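What follows is a set of notes on a single structure, which appears directly below.
Residue numbers (my numbering), protein chains in the order written: chain A, -10 to 272; chain S, 3 to 261.
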């Protein structure tokens, strides 16, 4: 039989299904969860303020830095976080265009999540209804015009491994921020080790983001999956098994790290605004 | 011993309404049947009961009744599943049970579909091409860690439920451009076999349409053998296609370090 001459049943209409379970619940929860994060992170990114606590009085004394703004390339105008690599808002920044340090940072982890294999499957369902859920009818307009990731524009999702490379670099920046949050400037002007709730929040953020980043399907491929011979290198096989362990929990880490990074920004923001106090636990 | 094992079959019965699709390639519709269902029965038992008592001409394909032959694939309450592995006590009580044929393949009659397209496509996939034997007696030395991935894929019973639920085939009818999850699993088993020397990546990208998969993971959800189709077979193949055709760095490296 020719592959193109099948007398197939008629395609069902949009949302048509004989499923009796709550098939709409998961895509609806995905839609709400992702929309909530997109709205909050966009709002936070454009604030350009309250992204750090402390100040530039001494090395490490800055204490907390929001992960949405880390690393800080340029501080927002009029602010001095002590984290900025190149000082304050650059003079070449167009007058009248809103400036925020996060605008240089968020596109990179954003691209990593946008091209992530887990999120792709999730938002194709929740946002594009492609399909809304398994064995549920799609919008009729797509029909035979479906291109998937075979053709432009979604073939560009194959850039994911490059987004991963950048995301790994960000893990180191965020780990440094978590480490820096463990040092407090005392009355003697010296830095002393300590732990605050904020230290724990930033550390939790790095752990969750690492679990998500190093469970990436691309990373699994790169550390060993691309090879047919696993017995040729014990280190490769062990690395592959480790990443596979994380990979089976990729969805879990994707959501936990998304919540973690959003909460970290919120925590730093509220502490910076004076709404919350960053309680010291040790030191 | 579980509580199920201690129950005697047939001691507790209830009447369940079934809506079964009856028809052929020219069309059809749902017909209603009421069946006395006893403890421990699966959907296939009920279909057989209907065949025996109410509709002798009801067509359904089955063989092992143990979830290993992959014959009795259908859609139960809208979900692709094996009729022999779907227990009646796991379906909603008090509601009619809907059974219909798979939607991604041509209807032959009632619950029987023509799945021969899968076999035709399978013939076009480049077969296993082993390297020269490792040993003088014509054998190869293979380690367990080298075949673990392929072994998962070899569990496939070819029920084609994954093909049925895949929206690329089911809703978009891309049968001429996309081979579907089952055959991507088949290809992955060959591609990841350390003895195999064939390269199927160009076929995967162009003829087999791996890019049409948009990772809904529906295939994984319906697999009765619990093969992690998307994460362990399709995405690794997608990544190998990226290596071969889309990643400029790996393409550049191949100039200096050819296969």
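Just so it is clear, CB atoms sit at the ideal spot from N, CA and C, and this is done for glycine as well. Keep in mind the model is a prediction, meaning the values are calculated, not measured.
For residue i, decide whether its Cβ has a neighbour in chain A, counting only Cβ atoms nearer than 8 Å.
i                     : result
residue 173 (chain S) : yes
residue 233 (chain S) : yes
residue 217 (chain S) : yes
residue 241 (chain S) : yes
residue 227 (chain S) : no
residue 169 (chain S) : yes
residue 119 (chain S) : yes
residue 244 (chain S) : yes
residue 195 (chain S) : yes
residue 109 (chain S) : yes
Under 8 Å, do residue i and residue j count as touching if we go by C-beta distance?
i                     : j                     : result
residue 235 (chain S) : residue 190 (chain S) : yes
residue 202 (chain A) : residue 152 (chain A) : no
residue 254 (chain A) : residue 196 (chain S) : no
residue 203 (chain S) : residue 106 (chain S) : no
residue 220 (chain A) : residue 145 (chain S) : yes
residue 167 (chain A) : residue 198 (chain A) : no
residue 104 (chain S) : residue 43 (chain S)  : no
residue 84 (chain S)  : residue 161 (chain S) : yes
residue 207 (chain S) : residue 247 (chain S) : yes
residue 293 (chain A) : residue 167 (chain S) : Residue 293 (chain A) lies beyond the residue range present for chain A, which begins at -10 and ends at 272; the question has no answer from this structure.
residue 39 (chain S)  : residue 101 (chain S) : no
residue 361 (chain A) : residue 204 (chain A) : Lying outside -10 to 272, the shown extent of chain A, residue 361 (chain A) is not represented and no answer is given.
Just how far apart, CA to CA, sit residue i and residue j?
i                     : j                     : result
residue 244 (chain A) : residue -1 (chain A)  : 37 Å
residue 16 (chain S)  : residue 96 (chain S)  : 10 Å
residue 32 (chain S)  : residue 67 (chain S)  : 24 Å
residue 231 (chain A) : residue 240 (chain S) : 21 Å
residue 34 (chain A)  : residue 271 (chain A) : 31 Å
residue 47 (chain A)  : residue 158 (chain A) : With a pLDDT of 48 at residue 47 (chain A), under the threshold of 50, the modelled position of this residue cannot be trusted; read the value that follows with caution. The straight-line gap from Cα to Cα measures roughly 25 Å.
residue 93 (chain S)  : residue 179 (chain S) : 36 Å
residue 2 (chain A)   : residue 80 (chain S)  : 14 Å
residue 244 (chain S) : residue 209 (chain A) : 14 Å
residue 114 (chain S) : residue 138 (chain A) : 32 Å
residue 12 (chain S)  : residue 18 (chain S)  : Unreliable positioning characterises residue 12 (chain S) in this predicted model, as indicated by a pLDDT of 48, which lies under 50. A coordinate reading is not provided.
residue 27 (chain S)  : residue 121 (chain A) : 28 Å
residue 132 (chain A) : residue 146 (chain A) : 22 Å
residue 55 (chain S)  : residue 49 (chain S)  : 10 Å
residue 255 (chain S) : residue 215 (chain A) : 15 Å
residue 16 (chain A)  : residue 118 (chain A) : 9 Å
residue 131 (chain S) : residue 70 (chain S)  : 28 Å
residue 73 (chain A)  : residue 57 (chain A)  : 14 Å
residue 226 (chain S) : residue 76 (chain A)  : 59 Å
residue 95 (chain A)  : residue 31 (chain A)  : 9 Å
residue 20 (chain S)  : residue 211 (chain S) : 38 Å
residue 169 (chain S) : residue 70 (chain A)  : 51 Å
Thinking just about the alpha-carbon of each residue, which of the options is nearest to the one in residue i?
i                     : options                   : result
residue 150 (chain A) : A:72, A:9, A:212, A:218   : A:212
residue 82 (chain S)  : A:7, A:258, A:166         : A:7
residue 186 (chain S) : S:198, S:173, S:213       : S:213
residue 194 (chain S) : S:80, S:129, S:211        : S:129
residue 229 (chain A) : A:249, A:206, A:241       : A:206
residue 164 (chain S) : S:56, S:182, S:34, S:116  : S:182
residue 238 (chain S) : S:192, S:256, S:61, S:89  : S:192
residue 98 (chain S)  : S:207, S:153, S:37, S:258 : S:37
residue 188 (chain S) : S:253, S:250, S:125, S:53 : S:125
residue 181 (chain A) : A:11, A:173, A:188        : A:173
residue 262 (chain A) : A:38, A:22, A:29, A:13    : A:38
residue 9 (chain A)   : S:77, S:58, S:176         : S:77
residue 93 (chain A)  : A:176, A:60, A:44, A:127  : A:60
residue 155 (chain A) : A:106, A:63, A:-3, A:97   : A:97
Less than 8 Å between CB atoms is the rule here; does residue i satisfy it with respect to chain S?
i                     : result
residue 118 (chain A) : no
residue 202 (chain A) : no
residue 106 (chain A) : yes
residue 135 (chain A) : yes
residue 238 (chain A) : no
residue 266 (chain A) : no
residue 227 (chain A) : no
residue 19 (chain A)  : no
residue 2 (chain A)   : no
residue -8 (chain A)  : At residue -8 (chain A), the pLDDT of 38 sits below 50, so the modelled position is not reliable and the matter cannot be decided from this model.
residue 144 (chain A) : yes
residue 139 (chain A) : yes
Between residue i and chain D, is any beta-carbon pair separated by less than 8 Å?
i                     : result
residue 124 (chain A) : Here chain D cannot be found, since the structure's protein chains are A and S.
>> Restricting to runs no shorter than 3 residues, where is the beta strand (DSSP E) found entirely within the region 214 to 243 of chain A?
In response: You should have found no qualifying run.
> Mind pulling the alpha helix (DSSP H) runs of 4 or more residues that sit fully within the region 134 to 220 of chain S?
Replying inline: Fully enclosed alpha helix (DSSP H) runs of 4 or longer: 146 to 155, 163 to 167, 169 to 172, 182 to 193, 203 to 207.
> Can you give, in chain order, each stretch of the alpha helix (DSSP H) that sits fully within the region 66 to 150 of chain A and has at least 4 residues?
Replying inline: The region 66 to 150 of chain A contains these whole alpha helix (DSSP H) runs: 96 to 103, 106 to 115.
>> Going residue by residue through the region 152 to 198 of chain A, where are the continuous beta strand (DSSP E) segments of at least 3 residues, counting only ones entirely within it?
In response: Fully enclosed beta strand (DSSP E) runs of 3 or longer: 172 to 174, 180 to 182.
> If you scan the region 41 to 113 of chain S from start to end, which runs of the beta strand (DSSP E) of 3 or more residues do you find wholly inside it?
Replying inline: DSSP runs (the beta strand (DSSP E)) wholly in the region 41 to 113 of chain S: 75 to 78, 81 to 84, 99 to 102, 109 to 111.
> Where in the region 8 to 51 of chain A do unbroken runs of the alpha helix (DSSP H), each at least 4 residues long, occur, reported from the N-terminal end onward?
Replying inline: Listed in chain order, the complete alpha helix (DSSP H) runs (minimum 4 residues) inside the region 8 to 51 of chain A are 14 to 36.
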